[in-house]
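Below is one structure; the comments refer to it alone.
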Amino acid sequence: MEFTKKIKSLVNLRQASRSSVDLTEIESPEAEEPVVIREKEPGNKGLNDPQVEQEILDSIEAVFYSDESFDASEYKLKEIPETPDINEISSEKTKLVSQLHVVSKKLSALILQNQSALADELQCVTEMQKTLEEACTICGQSRNLLAQTKQDFTTASLGILASYRKREQLKCLLRSLCMIKTLQETDVRLRELLEEEDYPGAIQLCLECQKAASTFKHFSCISELSTKLQDTLVMTEEQLDVALSKVCTHFDKVHYEKLQEAYSLLGKTQTAVDQLLMHFASAIHNTAFTIVLEYAEKNSGGKERSHQKRQYSDLCQLIDSENFTPCLVDLCKALWQIMRSYWCILEWHDIFNVNRKQMDDSVNSDEFNLNYIHQKLEHGLLRVWQDVQQKVKSYILASDMSHFKFDEFIHILALIQRLIDIGEDFCGSRSEDLQESVRKQSVNYFRNYHRGFMEELRTFLENESWEICPVHSAFSAVHLQEFRFLARTASKSFSSSPEKSDKSSRDSFFKKQADGNNPFDEKLEEEEKEDILSPLENDDLERSHYNSDSDDSEIPEELKKDFIDENAEDIPRKVQTKMNKKSTSGGRKKQVPILTNTALNVLRSFGKYMQMMSVLKPIAFDVLICMTQLFDYYMYSVYIFFAKEMSDLTENILSNKLKTTLKRIRENLMIEEGTEAFDNRNKDKIPPPKLSVAVDLRKVEDLHGLAERVAAAESLVFLAEQFELLHPHLELLIPSTKRAFLQQFCSQTVSQAAELRRPIYMAVAARSIDYEQIVILMSAVKWDVNEIMSQHSSYVDILLRELQIFSMRLSEVSRKIPLPKEAYDLLWEHCIRLANHSFIEGFSGARKCTNGGRALMQLDYQQFVSKLERLTELQPLPGKELVESYIKAYYMLEQNLEQWIRSHKEYTNKQLIGLVNCITQLNKKGRQRLINLIEEGDKLRR
Numbered sequence: 001m002e003f004t005k006k007i008k009s010l011v012n013l014r015q016a017s018r019s020s021v022d023l024t025e026i027e028s029p030e031a032e033e034p035v036v037i038r039e040k041e042p043g044n045k046g047l048n049d050p051q052v053e054q055e056i057l058d059s060i061e062a063v064f065y066s067d068e069s070f071d072a073s074e075y076k077l078k079e080i081p082e083t084p085d086i087n088e089i090s091s092e093k094t095k096l097v098s099q100l101h102v103v104s105k106k107l108s109a110l111i112l113q114n115q116s117a118l119a120d121e122l123q124c125v126t127e128m129q130k131t132l133e134e135a136c137t138i139c140g141q142s143r144n145l146l147a148q149t150k151q152d153f154t155t156a157s158l159g160i161l162a163s164y165r166k167r168e169q170l171k172c173l174l175r176s177l178c179m180i181k182t183l184q185e186t187d188v189r190l191r192e193l194l195e196e197e198d199y200p201g202a203i204q205l206c207l208e209c210q211k212a213a214s215t216f217k218h219f220s221c222i223s224e225l226s227t228k229l230q231d232t233l234v235m236t237e238e239q240l241d242v243a244l245s246k247v248c249t250h251f252d253k254v255h256y257e258k259l260q261e262a263y264s265l266l267g268k269t270q271t272a273v274d275q276l277l278m279h280f281a282s283a284i285h286n287t288a289f290t291i292v293l294e295y296a297e298k299n300s301g302g303k304e305r306s307h308q309k310r311q312y313s314d315l316c317q318l319i320d321s322e323n324f325t326p327c328l329v330d331l332c333k334a335l336w337q338i339m340r341s342y343w344c345i346l347e348w349h350d351i352f353n354v355n356r357k358q359m360d361d362s363v364n365s366d367e368f369n370l371n372y373i374h375q376k377l378e379h380g381l382l383r384v385w386q387d388v389q390q391k392v393k394s395y396i397l398a399s400d401m402s403h404f405k406f407d408e409f410i411h412i413l414a415l416i417q418r419l420i421d422i423g424e425d426f427c428g429s430r431s432e433d434l435q436e437s438v439r440k441q442s443v444n445y446f447r448n449y450h451r452g453f454m455e456e457l458r459t460f461l462e463n464e465s466w467e468i469c470p471v472h473s474a475f476s477a478v479h480l481q482e483f484r485f486l487a488r489t490a491s492k493s494f495s496s497s498p499e500k501s502d503k504s505s506r507d508s509f510f511k512k513q514a515d516g517n518n519p520f521d522e523k524l525e526e527e528e529k530e531d532i533l534s535p536l537e538n539d540d541l542e543r544s545h546y547n548s549d550s551d552d553s554e555i556p557e558e559l560k561k562d563f564i565d566e567n568a569e570d571i572p573r574k575v576q577t578k579m580n581k582k583s584t585s586g587g588r589k590k591q592v593p594i595l596t597n598t599a600l601n602v603l604r605s606f607g608k609y610m611q612m613m614s615v616l617k618p619i620a621f622d623v624l625i626c627m628t629q630l631f632d633y634y635m636y637s638v639y640i641f642f643a644k645e646m647s648d649l650t651e652n653i654l655s656n657k658l659k660t661t662l663k664r665i666r667e668n669l670m671i672e673e674g675t676e677a678f679d680n681r682n683k684d685k686i687p688p689p690k691l692s693v694a695v696d697l698r699k700v701e702d703l704h705g706l707a708e709r710v711a712a713a714e715s716l717v718f719l720a721e722q723f724e725l726l727h728p729h730l731e732l733l734i735p736s737t738k739r740a741f742l743q744q745f746c747s748q749t750v751s752q753a754a755e756l757r758r759p760i761y762m763a764v765a766a767r768s769i770d771y772e773q774i775v776i777l778m779s780a781v782k783w784d785v786n787e788i789m790s791q792h793s794s795y796v797d798i799l800l801r802e803l804q805i806f807s808m809r810l811s812e813v814s815r816k817i818p819l820p821k822e823a824y825d826l827l828w829e830h831c832i833r834l835a836n837h838s839f840i841e842g843f844s845g846a847r848k849c850t851n852g853g854r855a856l857m858q859l860d861y862q863q864f865v866s867k868l869e870r871l872t873e874l875q876p877l878p879g880k881e882l883v884e885s886y887i888k889a890y891y892m893l894e895q896n897l898e899q900w901i902r903s904h905k906e907y908t909n910k911q912l913i914g915l916v917n918c919i920t921q922l923n924k925k926g927r928q929r930l931i932n933l934i935e936e937g938d939k940l941r942r
């Protein structure tokens, strides 16, 4: 270390003595000669190479350029080891010398490069020196003048000036103090304005105070007041925001104008509309939550206090069926009020924008702001409706409504439909989410309801006594309570314009409630009694027609009453007698509708199902299918009760179209005996009903239950007529793509209801008269007589007597039940056809027959026809030409007979063979040929 210190001191001495050895003095710029720096010749001539010089410069350590206080000597000496090596020191010295040489050369080059700049800078210094000398001269002159002024002015004059200045300063101070006092008292006035909810005045005053405070901000008290005014302004904005949130539930035009003016003063109208949309979202959530919470606590009896911590969807699940509808009504009322407030706000801005655009001075400056607010509010329509829709959707889906009563469920659907209509008027939305939730609940409810009603219908049918329910002659489905909605729907659709723009459509609904009335306060369905004493206007023409064709004095008082008494007892006998008079041949111009209690119940269900279709458009077609099942089930029940026995005996009694219809009903709707109803495989099927044991169809005196058969057949026909009457309304309730199904059902099923009359009344006609006994009696008649008889056979009198008894029993039954003309005609038609069939069967059973015998056949039949025409009004007698043609065929020649056989397919094979065997003019060969022809034709028919 001692050696290092000595070396350092030696180096310092040499640096001090050689500080100017390497560089010559820089000559003065006035000499205008270049500065010459003499460099000490380096020991290595390769240093003049620029590349080598650059490498040497790059090899200099960065620490040498750190700062001015850096001691390079000390730094290098510290690098010398404890045991120095002369070679290393010598090598390091050579390196440092070369670096010094390169640096000195670089420095010299830079000095030469900047010589002109140095000369310019020295010139500037010279000019500055001259300027300073002039300034010193001016200062000396000023001091001399001040000394002269001091001698000229007295102390009194300066005192006056000082007093005047002091007075002006005090006046300025007084004005400042008054302003400070006023500013301090402003806080009280601000609070008063806020309490009065005069937000524009408060903000205007606060802004003026802030402006004044900025002028006197040099006072410390004013600085504190400025901070307080800023806090007051912030508090005012908070109160303004609270007041803005109240507008969401209750809109006041005057109050809202003040709020908009206040935000305009703050320059935050755009912020206000953003805040407004947030407040509407909060208002919808808080309002819905509060209402549902109230009913949830009511349901728990107020014992459960943890409901407030629950989610909205969880609260909705706590509402029981008893409180479900009242809660929904309150929820809809509250949400409607919020939507109406939003609509009023939007309307206010529309009017405000129009008024502002009429002012030329403000159009350019406010146009962007007005457009921004208008677009925000327009876009907010859908946002508000989506929030409302989600709240109601969550409420609906949270409960199981499958066990609700039908009227209550329809009421709920009507509420939701009204809300959907409001939403469509509000923003043009189709409310897909809300409709989907309603559809889910409706499908679940309707599936259970329809299943239960089908079982109920089965029970009704199994306990039906098939008696007539007394109704007015002008009665139709529209007189029932369940169909009242059709009139209201028609009036609404008629009064509404089909073409409306979105805005005008929205205005049309909300302006209707502009007086503040809540649409959910109105009764969705007016309570109307089923009083047909006040029939609908479209029945007036029918009533007048009835009154012109009949005498009211002959109508029983029980039937003059325009009501449906489902619990009415049997009509008194004297009333039935009058009814019978109206149901006979002379008084059938206006027939009283025949309707059973079950048919009336089905008709009521039609109305309920249509109500559901009108409010449930998404499942309207599914409801229609269930509605057709009701008709199918009633129709098939009437068939198996009163017509199946006849269709089993006589295959051709049913038309092909009716057979197809009944087969479809049996396969699609009926479940096999012993199979569980409504299981997974047969969820849409139901067992066929069984006829009540109270209904006796075997009494000959009652024509084998003719009264019950008439009630069943005619009630089915009446149901079909009412279905056709409802056809146009049903088409409007279902999608247009599904109307082909309805048309097909009406043409293939409903139209076949009247066809069931034939087998139903055929059973009465076939059993009331013993046609087999007549055929047996005819077989005992000798048809091979040679002389023409003048007296007809006895079996004719027996058959006519049977028909007379039938006529008397028919009259007796008609006293109990009004017999429609269609039933009367069909009964006699079947009786006459069966009698004619018996004639043909008896004639075909003759083994031998002469011309006299064939004449006897004609005599017997003519006697029968002449007497029969007195018993019945039916003209012409059905099947008469078949008997006459059969008798006349006896006289035909072989060739004509063959052609006759080919053209008459209505006769049986037995009847045709019997005819051929009785013809005496045929030889054996010809007879056999005709028999073969008949048998071949029978095979072809099969």
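Numbering (the UniProt record's numbering), first residue to last: 1 to 942.
Every residue gets a Cβ at the ideal spot worked out from N, C-alpha and C, and that includes glycine.
Rounded C-alpha distance that separates residue 308 from residue 519: 30 Å
CA nearest to the CA of residue 819, picked from 288, 706 and 801: Minimum Cα-Cα distance from residue 819 among the listed residues 288, 706 and 801 corresponds to 706.
Under 8 Å between C-beta atoms of residue 401 and residue 445: It is a contact, given that the beta carbons lie within the stated cut-off.
Own chain partners of residue 813 with C-beta closer than 6 Å, once the 5 adjacent residues on each side are dropped: By the criterion of a C-beta distance shorter than 6 Å, residue 813 is surrounded in its chain by 703, 706 and 707, once the five residues flanking it on both sides are discounted.
In DSSP terms, what residue 670 is bridged to: 686
Backbone secondary structure at residue 597 - three-state DSSP: helix
Straight-line gap, residue 842 to residue 832 (C-alpha atoms, nearest Å): 15 Å
Close beta carbons around residue 639, own chain, < 7 Å, minus the five adjacent residues each side: 662 and 756
CB contact flag (residue 785, residue 897, <8 Å): The answer is no: Cβ separation not under 8 Å.
Residue closest to residue 276, alpha-carbon to alpha-carbon, out of 343, 286 and 248: 248
C-beta atoms of residue 689 and residue 461 nearer than 8 Å: yes
Segment contact, 8 Å Cβ cut-off, at least three pairs: the segment 411-428 with the segment 462-471: no
Straight-line gap, residue 390 to residue 396 (C-alpha atoms, nearest Å): Taking the straight line joining both Cα atoms gives about 10 Å.
Neighbour-count burial assignment, residue 823, 16 or more Cβ in a 10 Å radius: Per the 10 Å Cβ criterion, buried.
Contact set for residue 765: own chain, Cβ-Cβ below 7 Å, skip 5 residues either direction: 827, 830, 831 and 834
Given 8 Å, three or more beta-carbon pairs between the segment 594-604 and the segment 614-625: Cβ pair count under 8 Å is below three, so no.
Coarse secondary structure for residue 54, derived from DSSP in three states: helix
Buried versus exposed call for residue 165 [16 or more other C-beta atoms within 10 Å across all chains shown]: It is exposed - the Cβ of residue 165 has fewer than 16 other Cβ atoms within 10 Å.
Continuous alpha helix (DSSP H) stretch holding residue 128: start and end: 115-152
Rounded separation between residue 167 and residue 198 - CA only: 42 Å
Alpha carbon of residue 243 to alpha carbon of residue 261, nearest angstrom: 13 Å
Cα-Cα separation, residue 906 to residue 731: 42 Å
Which listed residue (611, 806 and 441) has its alpha carbon closest to that of residue 486: 611
Cβ pair count under 8 Å reaching 3, the segment 420-439 against the segment 468-476: Fewer than three pairs of CB atoms, one per stretch, sit closer than 8 Å, so the segment 420-439 makes no contact with the segment 468-476.
Beta-carbon proximity of residue 633 to residue 457, cut-off 8 Å: Less than 8 Å separates the beta-carbon of residue 633 from that of residue 457.
Under the three-state DSSP convention, the category residue 310 falls into: coil
Cα-Cα separation, residue 53 to residue 102: Rounded to the nearest angstrom, the two C-alpha atoms are 6 Å apart.
Which listed residue (919, 888 and 817) has its alpha carbon closest to that of residue 847: The residue among 919, 888 and 817 with its C-alpha nearest the C-alpha of residue 847 is 919.
Rounded distance between the beta-carbons of residue 742 and residue 620, thought under 8 Å: With a Cβ gap of about 11 Å, residue 620 and residue 742 do not count as contacting.
Between the CA atoms of residue 660 and residue 647 - distance to the nearest angstrom: Between residue 647 and residue 660, the C-alpha separation is close to 13 Å.
Contact between the segment 738-754 and the segment 793-811 (3+ Cβ pairs under 8 Å): no
Three-state secondary structure assigned by DSSP to residue 904: coil
Assigned exposure category for residue 279 - 16 Cβ within 10 Å defines buried: Under this definition residue 279 is a buried residue.
Contact check, residue 653 vs residue 669, beta carbons under 8 Å: no
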